[in-house]
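Under numbering that gives the first Met the number 0, residue 316 is the last one in the sequence shown; the count climbs by one each step, no gaps. Glycine is no exception: its CB is placed at the ideal position from the N, C-alpha and C atoms. Beneath this line is the structure, given in structure tokens, with notes to follow.
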Amino acid sequence: MMRRLWQWFRQDLAIKVSSILLAVLLWINVGGLPSASPSSLAPVQGTIAQVPVQWRNLPPDLLVQAVEPSAVSITYRAAPSVADTLSPSDFAALVDLSHASAGRLAFNVTVSVPPQVQLVGVNPSRVIFTLESLEKRSFPIQVVLDGTPQEGYRPGEPSLAQAAAEVEGLARDVARVQGVQAVVSLQGRAGDLRVNVPLQAVDKDGRPVPGVTVRPGSVQVSVSLELWQSKEVPVIPVFAGLPAEGYVVLEAKVEPATVEVKGPAARLDALTQIYTRPVSVEGADADVTAQVAVDIPQGLEGNPQEVTVYIAIGKGP
């Protein structure tokens, strides 16, 4: 009996062993060992709050003043293993402003989600942008000399490395700007001065205008501080026209005969006399007396600025 059983077992041994192994594997797969729950593999739905609203393609002449709301909530579906790792930085809420104009306008929100994540919705789907117009204007730069230089020194005409500056800002702010100033301090200074000074936009009262940008932000200013001296210079009277027929100019004199002129030493050294404005003697048959201005060269100062001219008219030979 045992011999027959052994002979039966030895027949087709490979097939019998394979059948046993296959049965064991089938048992393990079907119910012999625990398997993953189907519910643990199914996608889950979640919401990410406070995703900031971003924008692109903003026209260069517009400025975003406000976004309402500034963040949105995004609902998604994803596998649990993916959902557990998500944060607001993984999402993007974008608004295209390429066709925007100034005002308070609503725009659709476009959402970008990571791979293996399905977008369900965004709340709100539209946001309100407050957009204001930007304006640029060019202004000549005005140099303002401030402070007192060393005693006896006076500033010459300042020169600028750049003559104009551009002011940019909201249209309503730029409209308040009346000029651009470069303030140079001369306090205690002497000789040649070359400094870079900041530029500021000012209103009609000379007060700074906030909220605007000045380009460039600074400018180089050169000022020559020269030592001034004084000198008494003779005054030469000038007359124009012809006296009446048979009359001639006998004499012309001025009172006072000299004026005090102040200026840089080099210019005073070259100044030997100055003239009055012309006094008309056209058709005169008697003496002419006139109060006239003295023609002080530009950049110098004279005292007094007016003199009295006496012109004697008499019969000719």
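(message) With a threshold of 8 Å, are at least 3 pairs of Cβ atoms found where one atom belongs to the region 251 to 267 and the other to the region 302 to 315?
(response) A contact is defined here as three or more CB-CB pairs under 8 Å, and the region 251 to 267 meets this definition with respect to the region 302 to 315.
(request) Could you pull the start and end residues of the alpha helix (DSSP H) that Ala265 belongs to? (result) Ala264 to Ala269
(request) Classify Gly318 as buried or exposed, calling it buried when 16 or more other Cβ atoms lie within 10 Å of its own Cβ. (result) No information on residue 318 is available, as it lies outside the stretch 0 to 316 that the chain covers here.
(request) Note down the Cα distance separating Val291 from Pro303, rounded to an integer number of angstroms. (result) 11 Å
(message) Whole angstroms are fine: how far does the CA of Ala264 sit from the CA of Leu270?
(response) Per the coordinates, the alpha-carbon of Leu270 lies some 10 Å from the alpha-carbon of Ala264.
(request) Pair every Cβ in the region 137 to 151 with every Cβ in the region 96 to 106, then say whether three or more of these pairs are closer than 8 Å. (result) no
(request) Examine the Cβ distances between the region 188 to 195 and the region 220 to 235 and report whether three or more of them are shorter than 8 Å. (result) yes
(message) For Gln64, which residues in the same chain have their Cβ closer than 6 Å to its Cβ, ignoring the five residues on either side in sequence?
(response) Thr129 and Glu131
(request) May I ask you to report which of helix, strand or coil DSSP gives Asp89? (result) Here Asp89 sits in helix by DSSP.
(request) Would you mind working out which of Ala82, Leu104 and Pro207 sits nearest Val112, comparing C-alpha positions? (result) Ala82
(request) Drop a sphere of 10 angstroms on the beta-carbon of Ser80, count the other beta-carbons inside from all chains shown, and report buried for 16 or more, exposed for fewer. (result) exposed
(message) Let me make sure I understand the geometry here. Which of Leu61, Pro123, Leu267 and Asp294 has the alpha-carbon closest to that of Val50?
(response) Ranking the options by Cα distance to Val50, first place goes to Pro123.
(message) Can you give me the C-alpha to C-alpha distance between Pro37 and Ala77, rounded to a whole angstrom?
(response) At Pro37 the pLDDT is 49, less than 50, meaning the model places this residue with poor confidence; the figure from the coordinates comes in the next sentence. Roughly 15 Å between the two C-alpha positions.
(request) Please name the residue, chosen from Leu226, Gly146 and Val213, that lies closest to Leu267 on a Cα-to-Cα basis. (result) Of Leu226, Gly146 and Val213, the residue nearest in Cα terms is Leu226.
(message) Quick check on Ala292: does DSSP put it in helix, strand or coil?
(response) strand
(message) Rounding to the nearest angstrom, what Cα-Cα distance links Lys230 and Ile273 in this structure?
(response) 12 Å
(request) State the DSSP-derived secondary structure class of Gln304, mapped to helix, strand or coil. (result) coil
(request) Indicate whether Val176 and Asp202 have their beta-carbon atoms separated by less than 8 Å. (result) yes
(request) Would you mind sorting Ala164 into buried or exposed? The rule is 16 or more other CB atoms within 10 Å of its CB. (result) buried
(message) My assumption, with CB atoms under 8 Å, is that Val260 sits in contact with Val232. Please give the rounded CB distance.
(response) Their Cβ separation, rounded to whole angstroms, is 5 Å, which keeps Val260 and Val232 in contact under 8 Å.
(request) Give the single residue among Pro296, Val116 and Ala41 whose Cα lies nearest to the Cα of Gly262. (result) Pro296
(request) Spell out the partners DSSP gives Thr74 in its beta bridges. (result) Thr46 and Gly120
(request) Have a look at the DSSP bridge pairing and note the partners of Pro154. (result) Leu224
(message) Taking the beta carbon of Asp284 as the centre, do at least 16 other beta carbons fall within 10 Å, making it buried, or is it exposed?
(response) exposed
(message) Suppose contacts are defined by Cβ-Cβ distances below 8 Å. Is Val179 in contact with Pro157 by that definition?
(response) no
(message) Can you tell me where the alpha helix (DSSP H) holding Ser80 begins and where it ends?
(response) Pro79 to Ala82
(message) Taking 7 Å as the cut-off, is the beta-carbon of Gln186 closer than that to any non-hydrogen atom of the ligand ATP?
(response) Absence of the ligand ATP is noted for the structure shown, with no ligands found whatsoever.
(message) In whole angstroms, give me the CA-to-CA distance for Ser217 and Ser86.
(response) 45 Å
(request) Compute the Euclidean distance between the alpha carbons of Gly120 and Phe138, then round it to the nearest angstrom. (result) 51 Å
(message) Quick check on the burial criterion: 16 or more other C-beta atoms within 10 angstroms. Buried or exposed for Ala311?
(response) exposed
(request) State yes or no: is the C-beta of Thr84 within less than 8 Å of the C-beta of Thr46? (result) no
(message) Using only CA atoms, which one of Asp286, Arg206, Pro58 and Glu300 lies nearest to Pro242?
(response) Asp286
(request) Select from Pro148, Glu134, Pro236 and Ser72 the residue whose C-alpha is nearest the C-alpha of Pro58. (result) Among Pro148, Glu134, Pro236 and Ser72, the Cα nearest to that of Pro58 belongs to Glu134.
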